[in-house]
Each structure stands twice: as structure tokens, then as C-alpha cells.
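Visitor: Structure below; questions to follow.
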Amino acid sequence: MSYESDMFSIDPIQNLDSYCFLPNENLENYSSSDNGSHLTYPSFQASEQYSAFESSNNSPVSKLHSKSYAFTSQNSLEIINNSLENESCLTHNQDDLWHKIRELENAMLGHDAVDIDMIQEESDPLLLEAEKWNKMMQMISRGDLKEVLFTCAKAVSENDIETTEWLMSELSKMVSVLGSPIQRLGAYMLEALVARIASSGSIIYKSLKCKEPTIATSNELLSHMHVLYEICPYLKFGYMSANGIIAEALKDESEVHIIDFQINQGVQWISLIQALAGKPGGPPKIRITGFDDSTSAYARGGGLDIVGQRLSKLAESYNVSFEFHSIKANPTEVKLEDFELRRGEAIAVNFAMTLHHVPDENVHGGQNHRGRLVRLVKCLSPKVVTLVEQESNTNELPFFARFVETMNYYLAVFESIDVALPREHRERINVEQHCLAREVVNLIACEGAERVERHDPLEKWKSCFTMAGFTSYPLSPYINGSIQNLLESYQGHYTLEENDGALYLGWMNQALITSSAWR
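Residue numbers (the numbering used here): 1 to 519.
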């Protein structure tokens, strides 16, 4: 980003091997197995194809697989064969047949016959059950993995254990971390369903936490995050659009204070510092306040002082007066005095894919921490607030609808990765496992306060900010053009749309990330 004729030119950051790249996730730490392609939490491996995570003899699915499915499959198939084989004789002539049988009984017995209609009603459940299993067999035989996953999730939601266990057995033969996007995503969604049944979603989620991370494992995670940053434009889109808005809003200020509610590795602010350094009349004084999270701290191998030192060194090289301040408090607990506000500073607040981690009234307990935080930010009287979020609706949905939403959203992400890296590429496997799989597990296997992934569509965010007293901040057309130039450097079917004062980044016309601004 640079100043050219009073306009901002935004370019992606280059040659930043010395900096850390990490997407904004409120997640715990990861640990990997020796082969680098399996996560170490309870799972199963029913076939060589399915190898999403390491197998454990004590895992719920390992136990599940030790059971016999002979009764379920064999008996259900017997029902199907014995009932549906003769279904043709129970079509349009069925009513006539029952009527003739009733007349025959009345004539022979001379009194009211047994209620044949009642017998027919009692046999209907068998026919319906047979039809259900027949449909499932057809789905499996034609390899309709997506539909089988939906059917399995529906069975889970209805507590249909027999159908669930049988479908899981079949699904384990259909998914593969080396397969197509739906096969790879299916492996993680199957794992999440198993965890949900065993009520172990939070255990799996937390089991990836590394109590005493080594430098090697920290560097591995950082490497995976860097690969995701480079092969897909999602994070760059968020950083560039937010920076362009902030630079435009603060261009006439002599002292600026940027508050970042999840600063990660501080990469977002490198291009902004460089742009403000070239401001006509000299750069402003810059102060950045950052909030940390456990995943970012794990990846960088230390606290926010590491980020502060890097950004200070960068600012010094550009002759920019710079100050860094970290806040250790959780965003749900932060108070106005924690920001150490100073007279004369122009404030910009940044929420980059982090606000959905702050619980609202939908979480058990009913405390709307999200609304409280947005109202607190309004009390800061900021010049601008930038919001970048996933365009997904998982916060309020019940389980099955949330499963469908998660499937559709992450399938688009996996498809975009499929274009960027070959299916057998080890880095692709690591990126999907370490950067995306845990989100899927949390969305599907966890409920209540344990489910921290709570996405809302932009319309919900608009309502949240409007209720706090904010109004939409207009986007500069130049920002749209800069993002278009960014997307030209990526392969695939990425889309960019501006609608009602916000930017939507999508894949194959499905919106995935939105960027908006408020004042």
C-alpha cells in the first residue's frame, strides 16, 4: 500500500519469511503424529482410504467398528427383498384386494371379521422401514457421499443409533484425505459425527492443545498457516480491505491509535505502516494495541512482545514514530480503562475474523458478551471500525441445519484448495487438517459454551452494529479495484461483489468472506 496522487495503492506483502502468518482463530494448540499427516485425537480407520486422524483402540469409532453389523445390514436387506420384491402386487389393486378379503371373511364367519385395516396399518411401518433402507442402499451404490453424510447426520439428530452406526461403517469406506474435496471434507465431518455421538467433541477439540509446545511443533503450525495464507486469498482479502479503509479514514490524522482485537502475528499492519510512512507531510505517530489468543501465541512461541518488537523494528526502518501496547484481558472482560486512551488520538478498531468467537445470548447463560463488546467499542468514538467475517450462518441453527451449512461452506473452501495444490501434496493435507479440521469438529461435535465457532451472516452483523449506534462507513472504489487485482493472481473461480456497502469474496458464486466498515 502506498500513496500515489492522494490515492492508496494496495499490494500484497512480499518476502516476509521473517514474519508469521496465522489466520484468525480462537483455537487451542495442535499436535501432530510422527508421520505429519494425522492428528492425535480419538478416531478410527476402518479402511485404508479413511485416514483423517490417527486411530485409537479406545476411540468411540474403534469400538463402533468392533461390533458386528450383520444384523443391521443382513436383516434390513431381508426386509427389503421380502417386502419390496412383491410391492408391485400392492399398487393400484391393493384396496380391491383388502376389500375382497373382508367380504370373504364376513361370508365364511357370519360375523364381523378381524379388522384387516388395522393389520394393514401395522404392516406399513415395515414397508416404510424397508423403503428407507432401500433408499440408503441406492445412495451408497451410486457413491452419493454428500447425501449419505446428510442422511447419517439426520440419523444422529433423531438418535437413530442402528442407522447411524451402519452408515458410519459405510462412510468410512467412502471418505479419504487423499480424495476429492467432498471425500476429504467428508473424512473430517465423519470424525465430528463420531465425536458428537460419544460426547467427546470438546475432548477432541482440547486434546489438540499442546501443554508444552516445542519449537519444532510451533514452527510446523506456523508453516501450515503460512501455506494457507499464500494459496488462498481469504486472509489477504480481509487484511487488504480493512487496511485500505483504515488508511482512508486516518489519512489526515497526526496521531493514530489502532486497536486490534486479535492481532495474531501482526502481519496485517506491515503494509499499513509502510503506507502511512509515505504520507504527504510526513507519517503520523502510530500506536497499536493488540489482544492475543492461545493459538497465535503457540505458533509464534511467545507473547505479544514478539509482535511488538517486530513492528517496532519495521517502523524504525521507515522513520515512523511507533508504540505497541498489549492487553492480556479476554475481549469478553475488557474494560474501557484497559485501552489507555489519550487525548488527540484518532482511533481505528479492527475485528478480523474474531468477533464470531465472542459468545452472544445464544450460548447457555444468556449473557450477550458480543453485544457488550460492540457497545464498548462505540464508547471509544472510533473514526472507523473494520469487520471481516466468514459469511456463514451457524450460530443459531439446530444441529442438522448447522451440519448442512457447515458442509456447504467448507466444501467450497476445500474446492478452492484443490485448485491450488495437488491432492497428494503433503502440505495440502497438513493445511486442511491443522487449519480447517478443528473448526469442522467444533461446529458439529460441540454444543453450548464448548462450541466457539459461531458464525453469523453479514445481515446479523449489521443488526448488531446498528443496535449499538453505528452506521455504515462507505467503501472507496479504489479498494474494490485493488482486491480485483489481487484475485487475478489466483487460479480458480473466485468472485468479488460489492453490495450494500460491503465486499463479498466468494468461490463459484458462494460468498465465503465479507468485509465491511462502521463509524
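Idealized CB from N, CA, C, for every residue including glycine. Please read all numbers here as calculations on a predicted model, not as lab measurements.
(1) State the DSSP-derived secondary structure class of H493, mapped to helix, strand or coil.
(2) What is the rounded straight-line gap between the Cα of E162 and the Cα of V419?
(3) Can you say whether N159 is buried or exposed, counting buried as having 16 or more other CB atoms within 10 angstroms of its CB?
(4) Ignore the nearest five residues each way along the sequence and tell me which others in L436's own chain have a CB closer than 6 Å to its CB.
(5) Going by Cα to Cα distance, which pick from L126, H325, C446, G244 is closest to R196?
(6) Using CA atoms only, rank isn't needed, just tell me which of T514, S223, L228 is closest to L387.
(7) Just verifying my parser: in three-state terms, what is the DSSP assignment at Y188?
(8) Quick one: what's G365 bridged to in DSSP?
(9) Let me confirm a value: L228 is counted as buried when at least 16 other C-beta atoms fall within 10 Å, else exposed. Which label applies?
(10) From D305 to T151, what distance separates their C-alpha atoms?
(11) Counting pairs of Cβ atoms below 8 Å between the stretch 424-435 and the stretch 392-401, do you hit three or more?
(12) Use the C-beta contact count for R343: other C-beta atoms within 10 angstroms, 16 or more gives buried, fewer gives exposed.
(13) How would you write the range of the alpha helix (DSSP H) that N350 sits in, first residue to last?
(14) Let me know the secondary structure DSSP gives S328 once reduced to three states.
(15) Helix, strand or coil: how does DSSP classify A277 here?
(16) Is the stretch 275-285 touching the stretch 408-417, taking contact as three or more C-beta pairs under 8 Å?
(17) What does DSSP give as the partner residues of I513 in its beta bridges?
(18) Whole-angstrom Cβ separation of L458 and R451, contact assumed at under 8 Å?
(19) Measure the Cβ-Cβ separation of L487 and Y478 and say whether it is below 8 Å.
(20) How long is the line joining the alpha carbons of L190 and M407, rounded to whole angstroms?
(21) Along the alpha helix (DSSP H) that carries F399, what are the first and last residues, could you check?
(22) Leaving out five residues before and five after K383 in sequence, what residues of the same chain have Cβ atoms less than 8 Å from its Cβ?
(23) Using 8 Å as the limit for Cβ to Cβ distance, is D252 near chain B?
(24) Could you pull the DSSP bridge partners for S472 from this structure?
(25) Is the beta carbon of V363 less than 8 Å from the beta carbon of G448?
(26) Within 10 angstroms of the Cβ of G303, are there 16 or more other Cβ atoms? Answer buried if so, exposed if not.
(27) Determine which residues share a DSSP beta bridge with E337 and list them.
(28) Which value, in whole angstroms, describes the spacing of the CA atoms of I327 and D338?
(29) Have a look at H369 and D360 and give me their C-alpha separation to the nearest angstrom.
(30) Under the rule that 16 or more other beta-carbon atoms within 10 Å means buried, what is D260, buried or exposed?
(31) When DSSP builds the beta bridges, which residues end up paired with K285?
(32) From this set, E497, D500, N485, which residue's C-alpha is nearest K236's C-alpha?
(33) Which whole-angstrom value is the C-beta distance of N480 and E498, which I expect to be below 8 Å?
(34) Could you pull the DSSP bridge partners for V598 from this structure?
(35) Under 7 Å Cβ to Cβ from G501, same chain only, skipping five residues before and after it: list those, please.
(36) DSSP beta-bridge partners for E488?
Guide: The structure says:
(1) As a first step, residue 493 must be located in the sequence shown, where it is residue number 493. Coil, per DSSP.
(2) As a working mapping, residue 162 is identified with position 162 in the sequence shown. As a working mapping, residue 419 is identified with position 419 in the sequence shown. Their Cα atoms are separated by approximately 38 Å.
(3) As a working mapping, residue 159 is identified with position 159 in the sequence shown. Exposed, since its Cβ has fewer than 16 Cβ neighbours within 10 Å.
(4) Mapped onto the sequence shown, residue 436 falls at position 436. For L436, where only same-chain residues beyond five positions count, there are no Cβ hits under 6 Å.
(5) Sequence index remark: in the sequence shown, residue 196 carries index 196 (1-based). Per the Cα distances, C446.
(6) Against the sequence shown, residue 387 aligns to sequence position 387. Residue T514 is the option with its Cα nearest to L387.
(7) Start at 1 with the first residue of the sequence shown, and residue 188 comes out as number 188. Three-state result, Y188: helix.
(8) For this step, residue 365 is matched to residue 365 along the sequence shown. Per DSSP, none; premise fails for G365.
(9) The count along the sequence shown starts at 1 and reaches residue 228 at position 228. The Cβ neighbour count for L228, taken over all protein chains shown within 10 Å, is at least 16; the residue is labelled buried.
(10) Counted from its first residue, the sequence shown places residue 305 at position 305. Counted from its first residue, the sequence shown places residue 151 at position 151. When rounded, the distance between both Cα atoms is 49 Å.
(11) no
(12) Numbered from 1 along the sequence shown, position 343 holds the residue referred to as residue 343. Answer is exposed; the Cβ neighbour count stays below 16.
(13) Stepping through the sequence shown from its first residue, residue 350 is reached at position 350. For N350, there is no enclosing alpha helix (DSSP H); the residue is found in the beta strand (DSSP E) stretching over 346-352.
(14) Numbered from its first residue, the sequence shown carries residue 328 at position 328. Residue 328 is actually Lys in this sequence, not Ser. Three-state DSSP puts K328 in coil, outside helix and strand.
(15) The residue you call residue 277 lines up with position 277 of the sequence shown. Note: A277 maps to helix in three-state DSSP.
(16) The stretch 275-285, when compared against the stretch 408-417, does not touch it at the 8 Å Cβ threshold.
(17) Residue numbering aside, residue 513 sits at position 513 when the sequence shown is read from its first letter. I513 is bridged to Q390, L505.
(18) Counting from one through the sequence shown, the residue named residue 458 turns up at place 458. Counting from one through the sequence shown, the residue named residue 451 turns up at place 451. Not really, about 21 Å apart at Cβ, beyond 8 Å.
(19) Counted from its first residue, the sequence shown places residue 487 at position 487. Counted from its first residue, the sequence shown places residue 478 at position 478. In this structure, Y478 does not lie closer than 8 Å to L487 by Cβ.
(20) Taking the first residue of the sequence shown as position 1, residue 190 is located at position 190. Taking the first residue of the sequence shown as position 1, residue 407 is located at position 407. One C-alpha to the other measures close to 11 Å.
(21) Reading the sequence shown from its first residue, position 399 is the one you call residue 399. Per DSSP, F399 belongs to the alpha helix (DSSP H) from 399-420.
(22) Along the sequence shown, read from residue 1 onward, the residue named residue 383 stands at position 383. A249, L250, E253, A346, I347, A348, R519.
(23) Among the chains in the structure shown there is no chain B, since it carries only a single protein chain.
(24) Translated into positions along the sequence shown, residue 472 becomes position 472. S472 is bridged to W518.
(25) Residue numbering aside, residue 363 sits at position 363 when the sequence shown is read from its first letter. Residue numbering aside, residue 448 sits at position 448 when the sequence shown is read from its first letter. A distance below 8 Å separates the beta carbons of V363 and G448.
(26) On the sequence shown, residue 303 is found 303 positions in, with the first residue counted as 1. G303 is exposed by the Cβ-count criterion.
(27) As a working note, residue 337 is residue 337 in the sequence shown. BP columns for E337 are empty, so no partner.
(28) Residue numbering aside, residue 327 sits at position 327 when the sequence shown is read from its first letter. Residue numbering aside, residue 338 sits at position 338 when the sequence shown is read from its first letter. So the alpha carbons of these two residues sit roughly 7 Å apart.
(29) Along the sequence shown, one-based indexing puts residue 369 at 369. Along the sequence shown, one-based indexing puts residue 360 at 360. Those two C-alpha atoms are separated by around 5 Å.
(30) For the purposes of this step, residue 260 is taken as the residue at position 260 of the sequence shown. Counting Cβ neighbours within 10 Å, D260 comes out buried, since at least 16 surround it.
(31) Within the sequence shown, the letter at position 285 stands for residue 285. Answer is E255, bridged to K285.
(32) Counting from one through the sequence shown, the residue named residue 236 turns up at place 236. Among E497, D500, N485, the Cα nearest to that of K236 is on N485.
(33) Stepping through the sequence shown from its first residue, residue 480 is reached at position 480. Stepping through the sequence shown from its first residue, residue 498 is reached at position 498. Contact flag correct, Cβ pair sits at about 6 Å.
(34) Examination of residue 598 is not possible in this model, given that the chain is present from 1 through 519 alone.
(35) Your numbering for residue 501 matches position 501 in the sequence shown. Once the five neighbours on either side are set aside, the close Cβ partners of G501 are S472, P474, L475, S516.
(36) One-based indexing of the sequence shown puts residue 488 at position 488. DSSP output for E488 lists no bridge partner at all.
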